[in-house]
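Here the numbering used here is used: the first residue of the sequence shown is 29, the next is one more, and so on.
Here is the structure we will look at.
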Amino acid sequence: MSGVFGIADPRRRIAARPLADQIAVSLSHRDWYVAEHTVAEEHNVALGRIGIGIFNATPQPVWNAAHTIALVMAGEIYNRDALRQQRGQSSDEQLALDVYEEVGEDFARRLNGAFIVAIWDTRRQQIVIANDRFGLYPLFYACRAGSLIFAPEMKGVLCDTTLPRELDLTAMAQYMRFQHLLGERTFFQDIQLLPTASTLVFDLSTAEHRITTYWTFGDIPYRPQIEFDEAVIEAGRLLRCAVKRLSGDRHRPGVYLSGGLDSRTILGMVEKRPVISLTYGTRHCRDVYYAGRIARAVNSEHHWVDLPNGEWVKEYADFHLELTEGFHSWIHAHGISTLPLARQVMEVNLTGWDGGTVMGHLDSIEPLQMHAVDDLALLTRLFYLFNRKYTWPSMTEADEKLLYCEPIGASVRDLAFDSFRAELQPFLDYRRDVRGEYFYINNHCRRLTHNLITFTRSHVEVRFPFFDYDLFDFLYSLPAPVRGHRALYRALVYRETRPLAHIPYDHDELLPAPYGLAPKTYALSVKLKRRFNRHIRPIFHARPTLYADYEAYLRGELHEWAEGILFDRRTTQRGLFNSAFVRALLEHHVSGLEEWTVGKIAPIMTYELMLRRFYGE
Numbered sequence: 029m030s031g032v033f034g035i036a037d038p039r040r041r042i043a044a045r046p047l048a049d050q051i052a053v054s055l056s057h058r059d060w061y062v063a064e065h066t067v068a069e070e071h072n073v074a075l076g077r078i079g080i081g082i083f084n085a086t087p088q089p090v091w092n093a094a095h096t097i098a099l100v101m102a103g104e105i106y107n108r109d110a111l112r113q114q115r116g117q118s119s120d121e122q123l124a125l126d127v128y129e130e131v132g133e134d135f136a137r138r139l140n141g142a143f144i145v146a147i148w149d150t151r152r153q154q155i156v157i158a159n160d161r162f163g164l165y166p167l168f169y170a171c172r173a174g175s176l177i178f179a180p181e182m183k184g185v186l187c188d189t190t191l192p193r194e195l196d197l198t199a200m201a202q203y204m205r206f207q208h209l210l211g212e213r214t215f216f217q218d219i220q221l222l223p224t225a226s227t228l229v230f231d232l233s234t235a236e237h238r239i240t241t242y243w244t245f246g247d248i249p250y251r252p253q254i255e256f257d258e259a260v261i262e263a264g265r266l267l268r269c270a271v272k273r274l275s276g277d278r279h280r281p282g283v284y285l286s287g288g289l290d291s292r293t294i295l296g297m298v299e300k301r302p303v304i305s306l307t308y309g310t311r312h313c314r315d316v317y318y319a320g321r322i323a324r325a326v327n328s329e330h331h332w333v334d335l336p337n338g339e340w341v342k343e344y345a346d347f348h349l350e351l352t353e354g355f356h357s358w359i360h361a362h363g364i365s366t367l368p369l370a371r372q373v374m375e376v377n378l379t380g381w382d383g384g385t386v387m388g389h390l391d392s393i394e395p396l397q398m399h400a401v402d403d404l405a406l407l408t409r410l411f412y413l414f415n416r417k418y419t420w421p422s423m424t425e426a427d428e429k430l431l432y433c434e435p436i437g438a439s440v441r442d443l444a445f446d447s448f449r450a451e452l453q454p455f456l457d458y459r460r461d462v463r464g465e466y467f468y469i470n471n472h473c474r475r476l477t478h479n480l481i482t483f484t485r486s487h488v489e490v491r492f493p494f495f496d497y498d499l500f501d502f503l504y505s506l507p508a509p510v511r512g513h514r515a516l517y518r519a520l521v522y523r524e525t526r527p528l529a530h531i532p533y534d535h536d537e538l539l540p541a542p543y544g545l546a547p548k549t550y551a552l553s554v555k556l557k558r559r560f561n562r563h564i565r566p567i568f569h570a571r572p573t574l575y576a577d578y579e580a581y582l583r584g585e586l587h588e589w590a591e592g593i594l595f596d597r598r599t600t601q602r603g604l605f606n607s608a609f610v611r612a613l614l615e616h617h618v619s620g621l622e623e624w625t626v627g628k629i630a631p632i633m634t635y636e637l638m639l640r641r642f643y644g645e
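Okay, structure coming up:
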């Protein structure tokens, strides 16, 4: 995955040059990866970047005219035209460097884009690292014993063999309860994820670091006076501008197309033709069927990758683990088998990643969150949603008590809930109607679903129309109910891409069009067909809702693979998980007596695979 890496160790506990060489090798997952770095031997500092040969064509690092400041970067700056008015035709890297020279550490506030930047300032004897508002290019770092090591993947930091690999038990407890981590945690105590909209400064003279935040959700103004129709028009204009900017350059755009609203909206707005679309899923499922109809409606060159069974999971399990490092369970690996084809047909994926959240998620904009009677009511509701609704249902309180061996069980008890409460605390100061959404974006979107972006970036670059700064600010300046139940979203789709509003939405197979007789008539026909199938005779075709049936995979072709992980000597001898209870979980799942139990088993498997890869025996 594209990113930046580096080492700063003025006390010379480690040697920067060989460690930088090793980090570059560890991050180069394919032949097309580009790794560049420079080393200042006299300061024991190394600075580098890793790329996949699409963005950031300028050789790096770039230096200022005095050769006193070096910069490496991954990603893009979108307000480059405004910045170039004073600076001439420069690369994004050079523009970022120029802004840093002018304003110093606060330079990222002036940049609009998706980026991670690292700077070696020889005059101030500082390493300065900054990311974009949403942390769209992850960066992991460790600051200990007077040194700083950072990389876009945790394994880069772990190249330092002197780093203690102390497991974070709170992270383990979170992973079993939510199937992902919260905040900035990793699986190891000494490694953290750089917060969003942040600047990290490491001072070589003191061998200390500090992190400052240059933007928060609280900086978004509140504009309740905007009328609904005006909001639809402006949101449509801003999204269309974002799509045009992100698809109109020399790079070949493509869209991962499902039957949902996010990808169809982007595809319908792309002006550069032809545009590629790519869909994965089992034959005849809703995503495959409706994506095909959407692609034909806009004359997109469409590709489909079948997922007929779970063999692809085993085939790509090692690669998925290598890229997502255990932060992403194997039951979320869908799409990874499409990457070789994706690299052939596109250079940039215009992702609909969490567009539904930004436009008005069905579960996030609800009275129990917007009108929670107090902070404790919001806490308990969000904990329930993270544990039971936002992905497969996870471990219950009873499961958690039985899962662990002692004395680990006593150590982790209540850690998941207590840490969840602590992570929520800063969000309680935001507007009451959106604070739950902000927490969701930072702790679900960023820590779970963004891993889909992580492995996609191993083959193609990714752009984020729905996380355009202007669009995001506008949508969250509105009262949440305006976006609720996708009312604004459906109106936008109807206004901006009307033909696509008359193709059913995979979620409920109803038309997303918000107006007129057609959607009401269609909804009535769907309702009557379903009742006829259920109560009289199943003569109307019912398309599968799942594009990948992980539940069935685990009962069938993945069962032996799962047993080989869960009950292997290495797993049982760690003394973390109660083998008898894990066996009961697996047998209960295989019995089929209860649906949606794979979410309890897959995290145990993935955590063990993570330990084998990054922790050892």
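Glycine included, C-beta positions come from ideal geometry on N, C-alpha and C.
- In the DSSP annotation of this structure, the continuous segment of the alpha helix (DSSP H) that includes Gly-384 starts and ends at 383 to 388.
- Taken through DSSP and simplified to helix, strand or coil, Arg-172 comes out as strand.
- By a beta-carbon distance limit of 8 Å, Leu-499 does not contact Gly-296. Their separation comes to about 16 Å.
- Restricted to the region 226 to 301, the alpha helix (DSSP H) segments that are unbroken, complete and at least 4 residues in length are 256 to 275 and 289 to 297, listed in chain order.
- If only complete runs of 4 or more residues are kept, the region 300 to 373 shows the alpha helix (DSSP H) at 314 to 325, 339 to 352 and 367 to 373, in order along the chain.
- Shown here, Gly-544 sits in coil according to DSSP, grouped into three states, outside any helix or strand.
- Ranked by Cα distance from Asp-461, the options Ala-508, Arg-485 and Tyr-504 are led by Ala-508.
- Judged by DSSP in its simplified three-state form, Tyr-468 adopts helix.
- Measuring C-alpha to C-alpha distances from Tyr-504 to each of Tyr-458, Glu-329 and Leu-539 identifies Tyr-458 as the nearest.
- DSSP assignment within the region 381 to 441 yields the following whole alpha helix (DSSP H) runs of 4 residues or more, N-terminal first: 383 to 388, 395 to 398, 403 to 416, 425 to 431 and 436 to 440.
- A residue is called buried once 16 or more other Cβ atoms fall within 10 Å of its Cβ, and Lys-628 is buried on that count.
- In the DSSP annotation of this structure, the continuous segment of the alpha helix (DSSP H) that includes Trp-589 starts and ends at 587 to 594.
- Sequence-distant partners of Val-618 (beyond 5 residues in either direction) whose C-beta falls short of 8 Å from its own C-beta, in its chain, are Leu-582, Arg-583 and His-587.
- A residue is called buried when at least 16 other Cβ atoms come within 10 angstroms of its Cβ; Arg-151 does not meet this threshold and is exposed.
- Excluding its 5 nearest sequence neighbours in each direction, Leu-274 has C-beta neighbours in its own chain below 7 Å: Leu-378, Arg-491 and Pro-493, listed in chain order.
- Three or more Cβ pairs closer than 8 Å define a contact, and the region 215 to 230 meets that threshold against the region 148 to 165.
- Residue pairing of Arg-491 in beta bridges, as defined by DSSP: Leu-378.
- DSSP, read as helix, strand or coil, puts Asn-606 in coil.
- By the criterion of a C-beta distance shorter than 6 Å, His-487 is surrounded in its chain by Leu-367, Ala-370 and Arg-371, once the five residues flanking it on both sides are discounted.
- In this structure Arg-611 is not in contact with Arg-640, their Cβ atoms being roughly 20 Å apart against a cut-off of 8 Å.
- The alpha-carbon separation between Asp-346 and Arg-562 amounts to approximately 42 Å.
- Just so you know, the alpha carbons of Ala-110 and Tyr-242 end up roughly 20 Å apart.
- Cβ atoms of Ile-304 and Ser-286 stay farther apart than 8 Å, at about 15 Å.
- Per DSSP, the beta-bridge partners of Ala-146 are Val-100 and Ile-157.
- Distance between Ala-519 and Glu-262, taken at the CA atoms: about 12 Å.
- Ser-291 counts as buried, since at least 16 other C-beta atoms from the protein chains shown sit within 10 angstroms of its C-beta.
- With three or more CB-CB distances shorter than 8 Å, the region 620 to 635 counts as touching the region 195 to 209.
- With at least 16 other beta carbons inside 10 angstroms of its own, Arg-514 counts as buried.
- The alpha-carbon of Gly-211 is positioned some 30 Å away from that of Leu-614.
- Closest by C-alpha distance to Ala-102, out of Glu-130, Ile-144 and Arg-112, is Ile-144.
- Scanning Leu-209, Gly-79, Val-260 and His-472 for the CA closest to the CA of Thr-525 turns up Val-260.
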